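Below is one structure; the comments refer to it alone.
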Amino acid sequence: MDCYTANWDPLGEAAYYRKLDLYSMGWKLKEDLRDCLVAAAPYGGPIALLKTRKEKSPSSRPLLEIYSASGVLLASCLWKNSAVVQLGWTASEDLLCIQEDGSVLVYTLFCEFKRCFSLGNEVLQNHVLEAKVFHTECGTGLAVLTGAHRFTMVMNTADLKIRRLPEVPGLQKPPSCWTVLSQDRVGVILLAVGPDLYLLDSTACSPVTLPGLSPLPGSCLQMAVSFNYRYLALFTETGYVWMGRSHLKEKLGEFSCEFRTPPKQMAWCTRPRSKQRALVLAWERRLLVAGDGDQSIQYPLDEDSYLVPELDGVRIFSRSSHEFLHEIPEASQEIFKIASMAPGALLLEAQKEYEKESQKADEYLREIKDQKLLPEAVEQCIAAASHEHEPQIQKALLRAASFGKCFIDKFSPEGFVDTCRKLRVLNAIRDYQIAIPLTFDQYRQLTTQVLLDRLVLRRLYPIAIKISEYLRLSEFQGISRILAHWACYKVQQKDKSDEEVAQAINQKLGDTPGISYSEIAARAYDCGRPELAIKLLEYEPRSGEQVPLLLKMKRSQLALSKAIESGDTDLVYTVVLHLKNELNRGAFFMTLQIQPVALGLYRQFCKHQELDTLKDLYNQDDDHQELGNFHVRSSYVTEKKIEGRVSSLQNAVDEYYKAKNEFAAKATEDQIKLLRVQRRLQDDVDKPYLDLSLHDTVYNLILEGNHKRAEQLYRDFKIPDKRFWWLKISALAETGNWEELEKFSKLKKSPIGYLPFVEIAMKHHNRHEAKKFATRVAPEQRVKAFLLVGDLSQAADAAIERKSESEMNLILSKCTDATVTAKLNHAKAQIGKK
1 MDCYTANWDP LGEAAYYRKL DLYSMGWKLK EDLRDCLVAA APYGGPIALL
51 KTRKEKSPSS RPLLEIYSAS GVLLASCLWK NSAVVQLGWT ASEDLLCIQE
101 DGSVLVYTLF CEFKRCFSLG NEVLQNHVLE AKVFHTECGT GLAVLTGAHR
151 FTMVMNTADL KIRRLPEVPG LQKPPSCWTV LSQDRVGVIL LAVGPDLYLL
201 DSTACSPVTL PGLSPLPGSC LQMAVSFNYR YLALFTETGY VWMGRSHLKE
251 KLGEFSCEFR TPPKQMAWCT RPRSKQRALV LAWERRLLVA GDGDQSIQYP
301 LDEDSYLVPE LDGVRIFSRS SHEFLHEIPE ASQEIFKIAS MAPGALLLEA
351 QKEYEKESQK ADEYLREIKD QKLLPEAVEQ CIAAASHEHE PQIQKALLRA
401 ASFGKCFIDK FSPEGFVDTC RKLRVLNAIR DYQIAIPLTF DQYRQLTTQV
451 LLDRLVLRRL YPIAIKISEY LRLSEFQGIS RILAHWACYK VQQKDKSDEE
501 VAQAINQKLG DTPGISYSEI AARAYDCGRP ELAIKLLEYE PRSGEQVPLL
551 LKMKRSQLAL SKAIESGDTD LVYTVVLHLK NELNRGAFFM TLQIQPVALG
601 LYRQFCKHQE LDTLKDLYNQ DDDHQELGNF HVRSSYVTEK KIEGRVSSLQ
651 NAVDEYYKAK NEFAAKATED QIKLLRVQRR LQDDVDKPYL DLSLHDTVYN
701 LILEGNHKRA EQLYRDFKIP DKRFWWLKIS ALAETGNWEE LEKFSKLKKS
751 PIGYLPFVEI AMKHHNRHEA KKFATRVAPE QRVKAFLLVG DLSQAADAAI
801 ERKSESEMNL ILSKCTDATV TAKLNHAKAQ IGKK
């Protein structure tokens, strides 16, 4: 393995660094990188180039070019806007183009314009001198320095909240260098004015003193913050490099550089969970890796190069090559360093000897097992394989791990299988044509879902589907989502007819779970293809998803039909109310006429919300019956004065006659007459009578002793005799007017009989009056009457007289009097003999 470690360079006591060749760049640049604005997205993302304008001629239009990490051209376009100060990528791989006038244009990685936003009038008036794009847990941020030497910051470009930071006291010219720090989820600016440092937040500008150093040896010319915002490095004009924590309270190390000119770029090269920290400084022809002591590594640069900080290293690309500089992981060091006796190294040798059919394999294996280090050896090989770039080395290490785990009794295979799967995915996406050179740590941080999103963003649908199938993702997370994105891209292709595109999409997607045809249709509509959107909506099984887009497309009548088909009344109401606002009154009513379901629902709505509209609907239909009902409701709901109520009821009478509903018309006329009577009564006796029923009106009149008016209503409204007699005896009994009740009972023969008189008297606990009426009760009801008043003897006589054995038994069940009991038993015996 000596040749494998030939490119390892030591830094410090136990750290090694190496440069891996990622790609030979396929681009054929016309300009040097130094003549362009360059922006490379992290996590192996795309590279954007825009030639800087040297001449002020408005006709000179530079070319914006976007390449993959291997230098394959993804898209390009002529830049027709204002001069660009800075380029930068968002976390979702959109390109931010910050212009001098403070406007920011957002493009996709295929140079498609997405949106534009402004940083405010202050930036517009003073122009942008410098800008920096940064990434934090809050999102993709942006900080700019204006010509007025003021800073403006946005923490998240997707949720634009512009902060204008305080003025820096005495700042007459741009700071020599500045950077953005993230402290407690808030962005702050660290700037250098000569040898002095200031920290600028939302409220104040504070001077800063670095621990272990005061003041700085010379002016600060360059700053660099680590990928995770934990570390900060400063470069001064004397070549001194200070390295420390970004909270500015701890110094980690320092380095004296032999170069005095500031580096073109500085970037931290750190690996997660590593104690070693290194800083990469790039000049035109030299690359220096400085540790936190005096040691360093130097690499010559043949071409102008650009540094891209990553989670676990630094990518370096030039006109011809793309490399990855990183610290060798511990597992790889243990296995591959010269004369290593680490368990992973012995296991790798054992596996090689096993393939040669040599007995040395057994010796190596025994040595590991004797030390009880076989599980550690397997884990070491798996860990080292995950960090290797070359498939052949990955395979050798994984074969060794597979060989070793056969000799472990209880070995959990999940880690081994997971590493194999992830490495296969990583090897696939590192392909030259795909060119996403992720490392294992970057992939773990990025997650599979985001990787699939990035493949979809590049329109690499086949490889995205294969990866989702290989990793056995659910359809909702994998294939369905990818196919939906493919369909949204498909509708943008203008070279095929709407019918062809719709059929192709349906044939590919079918009824795949998680697919929303309405979202695809919405994309088609946004692309100016409304007919295609309608065809796609035909495949959407959920009417609730179809309707909103149809309304947006001004296809309201079709939306109404779909809403009615769904059976969802809320959806129908939504469409109907949308139609009401969209159409004039006549057209709206005509539309409802051809949709009875919608018309019925709208009528229900109008009954509660819009009575005037309901009246218009009935008028349009000549529905006199409903118009009559409407006027009746209106008289009680909306009319407050008696004249208005009578007028509404009279309108109802007219409508009922037109509808040939004589019963309703007569009933309404009687109601008008009753209202007028009640109004007179109310005026005469100064008591509330309005809105009482005829029954209650008569009842109240009798209660008050106004018998003449009660009799008048009885005659005028032709109250049935039985009903009137019940009313009167109830009212007289309630007032205790027993004398009047007796007179009334003798007025003429009672149409309801005399048992009700008994019952009503007993209800009011007057047995004396009840006994008077009990003797007048008809023979068939007399037993019941005497039982009610508690006269068992007379009840027995009545039962014996009627010779009713059932009545006799009823009395016997209630009787405790021996004489009455004997009389009833004797009578029953006599009936039995006959």
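Just so we're aligned, residue 1 is where the sequence shown starts under the UniProt record's numbering, counting upward by one. Cβ coordinates follow ideal geometry from the N, Cα and C atoms, glycine included. Computed from a predicted structure; not experimentally measured.
Of the other Cβ atoms in all chains shown, 16 or more fall within 10 Å of the Cβ of TYR306; this residue is therefore buried.
In this model, GLY45 and ASN506 are separated by some 33 Å (Cα to Cα).
Burial is judged here by how many other beta carbons sit within 10 angstroms of a residue's own beta carbon; ASP441 has at least 16 and is buried.
Collapsing the DSSP output to three states places LEU109 in coil.
PHE235: not part of any alpha helix (DSSP H); member of the beta strand (DSSP E) spanning 231-236, first to last residue. Burial check for SER750: the Cβ neighbour count within 10 Å reaches 16 or more, so the residue is buried. Contact between ILE189 and ALA224 does not hold, since their C-beta atoms are separated by about 15 Å, which reaches or exceeds 8 Å. In the structure shown, the three-state DSSP call for TRP486 is helix. Around the beta-carbon of PHE259, fewer than 16 other beta-carbon atoms lie within 10 Å, marking it exposed.
Cβ atoms of GLU655 and HIS695 stay farther apart than 8 Å, at about 27 Å. Boundaries of the alpha helix (DSSP H) harbouring MET808: 805-814, taken from the DSSP string.
Counting of Cβ neighbours within 10 angstroms places LEU73 among the exposed residues, the total staying below 16. With 16 or more other CB atoms across the displayed protein chains lying within 10 angstroms of its CB, VAL758 is buried. DSSP places CYS406 outside both helix and strand once states are collapsed to three, so it counts as coil. Annotation note: the stretch 438-480 contains the following uninterrupted alpha helix (DSSP H) runs of length 4 or greater, listed N- to C-terminal: 440-446, 448-457, 461-470. Distances from the alpha-carbon of TYR198 to those of GLY293, GLY102, PRO215 put PRO215 closest. By the neighbour-count definition (other C-beta atoms within 10 Å, threshold 16), GLU323 is a buried residue.
In this structure, the straight-line span from the alpha carbon of ILE162 to that of THR179 is close to 18 Å. ALA158 sits exposed, since fewer than 16 C-beta atoms from the chains shown fall within 10 Å of its C-beta. Under the three-state reduction of DSSP, PHE227 is assigned to coil, being neither helix nor strand. Residues of the same chain with a CB within less than 8 Å of the CB of LEU213, apart from the 5 flanking positions on each side, are TRP242, LYS251, GLU254 in chain order. Around the Cβ of THR52, a 10 Å sphere holds fewer than 16 other Cβ atoms; the residue is exposed. Judged by beta-carbon spacing, ALA502 lies beyond the 7 Å limit of LEU460, meaning their Cβ atoms are not closer than that value. Here CYS488 is buried, its C-beta having at least 16 other C-beta atoms within 10 Å.
Residues of the same chain with a CB within less than 8 Å of the CB of PHE407, apart from the 5 flanking positions on each side, are LEU365, LYS369, LEU374 in chain order.
Using a 10 angstroms sphere on the CB of GLN830, the tally of other CB atoms stays under 16, which defines it as exposed. Counting along the chain, HIS322 sits inside the beta strand (DSSP E) bounded by residues 321-327. When rounded, the separation of the alpha-carbon atoms in GLU310 and LYS132 is 17 Å. If the five residues before and after LYS687 are omitted, its C-beta is found closer than 7 Å to no C-beta atom of its own chain. Going by DSSP, ALA75 is part of the beta strand (DSSP E) stretching over 73-78.
Within the stretch 335-415, the alpha helix (DSSP H) runs of at least 4 residues that lie entirely inside it are, in chain order, 343-355, 360-370, 374-386, 391-405. ALA384 sits close to ILE335, with the two beta carbons spaced by under 7 Å. DSSP places CYS138 outside both helix and strand once states are collapsed to three, so it counts as coil.
In the same chain as LEU160, and ignoring 5 residues on each side of it, the C-beta atoms closer than 8 Å to its own belong to PHE117, VAL154, in chain order.
Taking 3 residues as the minimum length, the beta strand (DSSP E) runs contained wholly in the stretch 6-64 are 16-24, 36-40, 47-51, in order along the chain. DSSP assignment within the stretch 115-182 yields the following whole beta strand (DSSP E) runs of 3 residues or more, N-terminal first: 128-136, 139-146, 151-154, 162-164.
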